[in-house]
């Protein structure tokens, strides 16, 4: 089972994230958790989210880069769902817990800027990989296996053909992960 945590604050205005989502939502074994549809009031049901993650072998975080970070609701999701005593730390009896131990995490992120903008010499002065360090460290701290991120750059400049290829590539990546988990 693969759980896709989809976090786009303006999904109706999204061309690229919507295409990526549509490319994979019909895959057997994929469960979609659209955070902004589920929690428009930002009141996250941590128990429901934890149950979805517990049943999954693969977790995918898909979102646009927002001010060099995740959208606000995904940040809150990390705080509420990846809680002490469940995702890491110790239970009330003092036993070490890591409910996500051994699960695989794929970070799928889209950027408005071109790939060249995400370099030491680019206007962002950092790579997307560097900007994703907090997400990577969170995954590792919770005992998850960090997978090479799936990045789609320059979303505002993608033509129809390139966007279709990006969606096919994303679908292929998730199919490979699902097949490896079977």
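Numbering (this note's numbering), first residue to last: 3 to 184.
Where is the CB? At the ideal position from N, CA and C, for every residue including glycine.
Just so it is clear, the structure is predicted and the values come from calculations on it, not from any experiment.
- In the DSSP assignment, the residues bridged to residue 153 are 111.
- Closest in C-alpha terms to residue 91, from the list 24, 171, 126, 143, comes 143.
- Selection 174, 109, 78, 67 evaluated against residue 139 yields 109 as nearest (Cα-Cα).
- For the pair residue 147 and residue 105, the CB atoms are nearer than the 9 Å cut-off.
- Assigned with DSSP and collapsed to three states, residue 46 falls in coil, not helix or strand.
- When DSSP assignments are scanned along the segment 53 to 99, the uninterrupted stretches of alpha helix (DSSP H) that are 4 or more residues long and fall wholly within it turn out to be 74 to 83.
- Between residue 118 and residue 101, the C-beta spacing is not below 9 Å.
- When C-beta atoms of the segment 114 to 129 are compared with those of the segment 25 to 37, fewer than three pairs fall below 8 Å, so the two segments do not count as touching.
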